[in-house]
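What follows is one structure encoded as structure tokens, with my remarks underneath.
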Amino acid sequence: MAIPVEFFGLLISGLALAAAIASHAVLLRFAGWAFLKGLAASLVVGFGVVVVAHATLPMFGPFASGAGALLLVGDCLLLACGWFVFLNFVVCSESSIRVRLLREIIAAGGSIAEADLMAAYNERALVDMRLDRLVTGGQVVVADGRYRLTSRPLRAIGLLFRSLKRLILRRTSEFD
Amino acid sequence: MGPILGLSSAALAFVLHIALWRVAVPRKPYKSLVLLWCATFALTLGAVALWRGWPAAPAIIYGAILGAALIVCYAIVYTGIEYDSPTLSVASEIDRYGEAGMPVGEIDSFSRQRPFIKKRLESIVADGIVSRRANGTLATTSNVGLLVKLSVAYRNWTGRVGAHG
Numbered sequence: 005m006a007i008p009v010e011f012f013g014l015l016i017s018g019l020a021l022a023a024a025i026a027s028h029a030v031l032l033r034f035a036g037w038a039f040l041k042g043l044a045a046s047l048v049v050g051f052g053v054v055v056v057a058h059a060t061l062p063m064f065g066p067f068a069s070g071a072g073a074l075l076l077v078g079d080c081l082l083l084a085c086g087w088f089v090f091l092n093f094v095v096c097s098e099s100s101i102r103v104r105l106l107r108e109i110i111a112a113g114g115s116i117a118e119a120d121l122m123a124a125y126n127e128r129a130l131v132d133m134r135l136d137r138l139v140t141g142g143q144v145v146v147a148d149g150r151y152r153l154t155s156r157p158l159r160a161i162g163l164l165f166r167s168l169k170r171l172i173l174r175r176t177s178e179f180d
Numbered sequence: 005m006g007p008i009l010g011l012s013s014a015a016l017a018f019v020l021h022i023a024l025w026r027v028a029v030p031r032k033p034y035k036s037l038v039l040l041w042c043a044t045f046a047l048t049l050g051a052v053a054l055w056r057g058w059p060a061a062p063a064i065i066y067g068a069i070l071g072a073a074l075i076v077c078y079a080i081v082y083t084g085i086e087y088d089s090p091t092l093s094v095a096s097e098i099d100r101y102g103e104a105g106m107p108v109g110e111i112d113s114f115s116r117q118r119p120f121i122k123k124r125l126e127s128i129v130a131d132g133i134v135s136r137r138a139n140g141t142l143a144t145t146s147n148v149g150l151l152v153k154l155s156v157a158y159r160n161w162t163g164r165v166g167a168h169g
């Protein structure tokens, strides 16, 4: 009985994701690549696997056929979704407030006095840390006792999320 | 047909989600998102069956996996819509001052008006991941520590050791 082409598509997407994750780990650990550069490269590796598989394996139709193109798009989307989950998994250990709170509690042996937790990790320390990153990264400059935002991508992302909050939740901040 | 099922069910779920959330945000938004997608997947499948006949099982399975993957990704994005990113909040607040720039001292008042950590702590207590005892201590309640440890282990193995916050 012939194996359905959709199952091959799922298999290829899974292998492509595995290749993307492996390439990210290898590039960072052994080649000393920067985190974002490694992420971009891993995504390229993943898409490369999907495209090459579709172009060379006989069970996939030619790109020009409707069914072949559709499955290629589907497999690319599956890879992109898996890669996005991986991205968030890796980034959350660095910037997620919830993860930091859990790490503090786990590091204290599974339980901690709330006052001790707030002393170790508080609002002002969090804002200062994020602001330092923005200044170090060049997205914010300090001059004449004032902060100015210089990053267009960051401005655009901020606008996008405020628009989505306004559209879906009818407010622009969780503190409104 | 599989990719069409997955894409259209996820797109329909997204459109309905916007319409429904504007009326009333569910108390359990993530569970509601998943249930909404299950409903739109069934609806899309029914529509395809009426239009072109019942799809083959592999196409249905493929569509279900793709649709579920898209909804999971949107749920991750939704966390950024439901809660404010401190980095984006700081950047947006600075940008609000435009060319004049935000006075450095204003950061104090900004921090006081945005209790990011307190709100996140309340949410993980409300979700049951952490419990608050009568004596004022907080304790983890589930094995979510495993995911946290995996994430930190990957970060350490790839050399991403640095300040976290």
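Chains as they are written, first to last, in the working numbering: chain A, 5 to 180; chain B, 5 to 169. All residues carry an ideal CB built from backbone N, CA and C; glycine is no exception.
Start and end residues, beta strand (DSSP E) containing residue i
i	result
Ala-24(A)	Run containing Ala-24(A): none in the beta strand (DSSP E); it sits in the alpha helix (DSSP H), 9 to 33.
Thr-83(B)	It is not in any beta strand (DSSP E) - Thr-83(B) instead sits in the alpha helix (DSSP H) that spans 61 to 86.
Leu-16(B)	Unbroken run through Leu-16(B) is the alpha helix (DSSP H), 6 to 27; no beta strand (DSSP E).
Ile-116(A)	115 to 117
CB contact check: residue i to chain A, cutoff 8 angstroms
i	result
Ser-15(B)	Per the sequence presented here, residue 15(B) reads as Ala, with Ser not at that position. Answer no: the Cβ-Cβ gap between Ala-15(B) and chain A never drops below 8 angstroms.
Arg-159(B)	yes
Gly-71(B)	no
Thr-48(B)	no
Ser-115(B)	yes
Ser-12(B)	no
Thr-44(B)	no
Ser-36(B)	no
Val-19(B)	no
Arg-56(B)	no
Gly-105(B)	yes
Backbone secondary structure at residue i - three-state DSSP
i	result
Met-63(A)	coil
Thr-44(B)	helix
Arg-104(A)	helix
Ala-44(A)	helix
Ser-99(A)	helix
Leu-91(A)	helix
Thr-162(B)	coil
Ser-155(A)	coil
Arg-137(B)	coil
Ala-112(A)	coil
Asp-112(B)	helix
Pro-33(B)	helix
Asp-79(A)	helix
Trp-55(B)	helix
Gly-162(A)	helix
Gly-36(A)	coil
Straight-line gap, residue i to residue j (C-alpha atoms, nearest Å)
i	j	result
Ala-14(B)	Ala-84(A)	15 angstroms
Ser-27(A)	Phe-88(A)	15 angstroms
Ala-119(A)	Ser-97(A)	23 angstroms
Gly-70(A)	Leu-47(B)	24 angstroms
Ala-38(A)	Leu-32(A)	7 angstroms
Ala-73(B)	Gly-109(B)	44 angstroms
Ala-57(A)	Gly-42(A)	22 angstroms
Asp-180(A)	Tyr-158(B)	36 angstroms
Val-77(A)	Leu-14(A)	12 angstroms
Ile-65(B)	Arg-137(B)	45 angstroms
Gln-143(A)	Ser-113(B)	21 angstroms
Val-52(B)	Pro-59(B)	8 angstroms
Leu-54(B)	Ser-155(A)	50 angstroms
Gly-163(B)	Leu-39(B)	39 angstroms
Ala-35(A)	Leu-154(B)	22 angstroms
Leu-70(B)	Ala-112(A)	40 angstroms
Glu-19(B)	Gly-10(B)	Note on identity: in this sequence residue 19(B) is Val, with Glu being the wrong assignment. Spanning the two alpha carbons is a distance of roughly 15 angstroms.
Ile-77(B)	Pro-90(B)	It is worth fixing the name first, because residue 77(B) is Cys in this sequence and not Ile. If you take the alpha carbons of Cys-77(B) and Pro-90(B), they lie about 21 angstroms apart.
Ala-23(A)	Lys-169(A)	35 angstroms
Ala-20(A)	Val-53(A)	5 angstroms
Tyr-151(A)	Gly-105(B)	5 angstroms
Phe-159(A)	Gly-141(A)	Here the sequence assigns Arg to residue 159(A), which means Phe is not the residue at that position. One C-alpha to the other measures close to 14 angstroms.
Residue span of the alpha helix (DSSP H) that contains residue i, given as start and end
i	result
Ile-121(B)	120 to 130
Leu-92(B)	90 to 100
Arg-174(A)	First-last for Arg-174(A): undefined, no H or E at that position.
Arg-128(A)	127 to 140
CB contact check: residue i to chain B, cutoff 8 angstroms
i	result
Gly-18(A)	no
Val-53(A)	no
Phe-64(A)	no
Arg-156(A)	no
Leu-82(A)	yes
Ser-177(A)	yes
Lys-169(A)	yes
Val-139(A)	no
Ser-27(A)	no
One or two residues paired with residue i in a DSSP bridge
i	result
Arg-150(A)	Ala-147(A) and Pro-107(B)
Gly-142(B)	A small correction: the amino acid at residue 142(B) is Leu; Gly does not occupy that position in the sequence shown. According to DSSP, which records beta bridges pairwise, Leu-142(B) is partnered with Ile-116(A) and Arg-136(B).
Beta-carbon neighbours of residue i, restricted to chain C and to distances below 7 angstroms
i	result
Leu-47(A)	This model lacks chain C altogether, as its protein chains are A and B.
Residue i: CB within 7 angstroms of a non-hydrogen atom of the ligand ADP
i	result
Pro-157(A)	What this structure holds is no ligand at all, so the ligand ADP is not there to describe.
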